[in-house]
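One point on numbering: in my numbering, the residue at position 142 of the sequence shown is 1343, and numbering is uninterrupted.
Positions of the beta carbon are idealized from the N, C-alpha and C atoms, including for glycine.
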Amino acid sequence: MQSSPASRFERTPNHGSKNDIRWKQRFQNFSKAFMRLKEAVEMKNLNELERNGLIQRFEFTLDLSWKVMKDFLEEKGFAFKPSPKDTLRLAQESGYISYAQELIDGLDIRNELSYDYSGKKFERSEICLRKETFPALEKLYMFFANEASLFIR
């Protein structure tokens, strides 16, 4: 008998822990980064300096995206290896999100762009970042905004 993917991870209730505060604090940083990214994504016909800024905003926002999810899952009681891809896969396997692959693709592009000194990879990746990764980041932002508002009520 094969176990379900989510059963590979240990889960114990962890409400009221320091992670409860941590994910909310990290979400504040993610929120700021996301809004700055949104400004950059809305720009068209970028020059080289603006393209570099867009890349940096994608990198920073993607990095915060998986980290806020890691903190959120830990607060929910999951114990797992906190790598970016494993975190996003667990979030999807656990039913919190349905767009992990788009975020993982964005992480892969981020890693490729780290070694792109000519700018050619960005030109090929820009459409994917704008049309797939950014909408997934926007969904993640809305997910966490909703989760954070549940604690305020």
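Among F1228, F1235, W1224 and G1296, which has the Cα closest to the Cα of E1276? W1224
Using the C-alpha atoms, what's the distance from K1286 back to I1298? 13 Å
So which of Q1229, Q1257, R1258 and W1267 has the shortest CA-CA distance to Y1300? W1267
Excluding the 5 residues flanking A1349 on each side, which residues of the same chain have their C-beta closer than 8 Å to its C-beta? K1225 and F1228
7 Å CB neighbourhood of L1314 in its chain, flanking five on each side removed: I1256, K1322, F1323 and S1326
Please go through the same chain and pick out, in chain order, the residues whose beta-carbon is closer than 7 Å to the beta-carbon of V1269, but skip the five residues on each side of it. W1224, R1227, F1228, F1231 and F1345
Start-to-end residues for the alpha helix (DSSP H) that takes in D1286: Checking the sequence shown, residue 1286 turns out to be Lys, not Asp. Start and end: P1285 to E1294.
Nearest neighbour of F1335, chosen from S1295, L1351, N1347 and I1305 [CA to CA]: I1305
If we call anything under 8 Å between Cβ atoms a contact, is F1235 one with T1262? yes
Closer than 8 Å by C-beta to Y1342: which residues in its own chain qualify, once you throw out the five before and the five after it? Chain order, please. F1231, S1232 and F1235
My guess is that T1288 and L1265 are in contact by the Cβ rule of under 8 Å, so how many angstroms apart are they, rounded? Not really, about 12 Å apart at Cβ, beyond 8 Å.
Outcome for I1310 when other beta-carbon atoms lying within 10 angstroms are tallied against a minimum of 16: buried
Reduced DSSP secondary structure (H/G/I, E/B, other) of Y1342: helix
L1351 classed as buried or exposed, judged by whether at least 16 other C-beta atoms fall within 10 angstroms: exposed
Quick one: Cα of L1250 to Cα of L1308, how far? 22 Å
Alpha helix (DSSP H) containing S1332: first to last residue? Per the sequence shown, the amino acid found at residue 1332 is Lys instead of Ser. Looking at the DSSP string, K1332 is not in any alpha helix (DSSP H), and its letter there is neither H nor E.
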